[in-house]
Amino acid sequence: MRLATWNVNSIRARAERVVAWLERSDVDVLAMQETKTRDDAFPYLSFEAAGYEVAHRGTSQWNGVAIVSRVGLSDVEIGFAGQPTWGEPAAAEARALGATCGGVRVWSVYVPNGRALEDPHYAYKLAWLGALRDAAAGWPTTDPTVVVGDWNVAPTDDDVWDPAYYAGRTHTSPPERAALAAMADAGYTELTAPTALTALTGSRTSGTAGRFTYWDYQRLAFPKNRGMRIDLAFGNAAFAQRLTAVAIDREERKGKGASDHVPVVLEIAAPAPG
DNA sequence: ATGACCATGTCGCATGGA
51 MRLATWNVNS
61 IRARAERVVA
71 WLERSDVDVL
81 AMQETKTRDD
91 AFPYLSFEAA
101 GYEVAHRGTS
111 QWNGVAIVSR
121 VGLSDVEIGF
131 AGQPTWGEPA
141 AAEARALGAT
151 CGGVRVWSVY
161 VPNGRALEDP
171 HYAYKLAWLG
181 ALRDAAAGWP
191 TTDPTVVVGD
201 WNVAPTDDDV
211 WDPAYYAGRT
221 HTSPPERAAL
231 AAMADAGYTE
241 LTAPTALTAL
251 TGSRTSGTAG
261 RFTYWDYQRL
271 AFPKNRGMRI
281 DLAFGNAAFA
291 QRLTAVAIDR
301 EERKGKGASD
311 HVPVVLEIAA
321 PAPG
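Numbering follows our numbering, with no gaps: position 47 of the first sequence is 97.
The structure is reproduced here in structure tokens:
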């Protein structure tokens with residue numbers, strides 16, 4: 051089974067491109083972030099025509115998360131227990147969606163950006179990551195479970211094009227990295243580290259061409275390879291033991307109409323008999 | 001070449017992204 055995560059930066063602007071990529075890449079389950087649409091405007095038909103069931107949560111032009119699957123989609127959960135709120139009136143944002151697909155519990159997460167170290171949004175980001183860790187600690191260890199998405203944190207200095215550029219900004223600060231690393235306390239390890247990248251057979255997806263998953267639209271960031279690695283997958287042991295390949299599809303950043311993020315693909319083997 | 005922001009709502013500029 052092939053499972054992927056992709057911050058699509060508006061699904062209405064990119065539905066045809068995403069569906070074409072799904073079909074070309076032989077991906078069974080795709081978790082999306084930043085769909086930037088309300089539920090009633092999601093392009094369901096484009097995905098259904100390609101054989102994918104859709105779960106989506108979006109309440110405005112901000113945020114929005116989805117899971118599409120052609121291997122079954124059930125037990126959809128909007129948000130996780132204890133998910134922090136934001137805004138006035140305070141409400142849980144459309145940043146987390148869970149579903150069971152092909153026997154795997156999948157969570158699509160869009161971690162708050164943080165905006166600036168002194169901004170209230172930064173405290174919200176840390177609280178959000180802490181609450182996600184706490185929720186994940188309570189999920190059944192017997193179910194293969196993977197939490198994928200845009201984490202808005204680069205795990206190490208090697209995961210940004212210039213660590214000095216990010217000093218004093220969000221995405222690389224020690225508290226953010228600590229919050230990310232704390233997922234391990236809940237039994238979830240990062241599966242998308244550069245050392246884990248491989249090639250995927252039968253796919254255009256290249257495995258080892260680079261580690262970044264995001265490049266800014268501005269200042270020729272992509273041609274200059276000024277990117278970050280912030281789109282990650284964390285899996286529990288039951289999921290991790292079935293992992294056979296991980297790849298970043300850098301090709302998807304090219305051309306007109308690209309998202310500023312690219313898909314990250316994970317391949318897992320069928321469960322062991324018994 | 002992979003190329004000099006993009007997408008949203010609501011109309012012309014504000015907001016968010018990172």
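Every residue gets a Cβ at the ideal spot worked out from N, C-alpha and C, and that includes glycine. Predicted model only: the values in this text are computed from it and were never measured.
Residue burial is scored here from C-beta neighbours: Leu250 has at least 16 other C-beta atoms within 10 angstroms and is therefore classed as buried. Two segments are said to touch when three or more pairs of C-beta atoms, one from each, lie closer than 8 Å; by this definition the stretch 230-248 touches the stretch 169-187.
Annotation for Glu317: Arg52, Thr294 and Ala295 place their beta carbon closer than 6 Å to its own, counting only its chain and skipping 5 residues before and after.
Apart from sequence neighbours up to five positions away, the residues of its chain that approach Pro93 with a beta-carbon distance below 7 Å are Ile61, Arg62 and Ala65, ordered along the chain.
It is roughly 32 Å from the alpha-carbon of Val104 to the alpha-carbon of Thr245. Put simply, the stretch 189-197 does not touch the stretch 161-179. Fewer than three CB pairs are less than 8 Å apart. Apart from sequence neighbours up to five positions away, the residues of its chain that approach Pro225 with a beta-carbon distance below 7 Å are Leu176, ordered along the chain. DSSP places Ser60 outside any beta strand (DSSP E), giving it a letter other than H or E. Just measuring C-alpha positions, the residue of Tyr174, Glu302 and Ser96 sitting nearest Gly132 is Tyr174. Boundaries of the beta strand (DSSP E) around Gly199: Thr195 to Asp200. A Cβ-Cβ contact shorter than 9 Å links Asn57 with His311. Here Arg145 carries a coil assignment [DSSP, helix/strand/coil].
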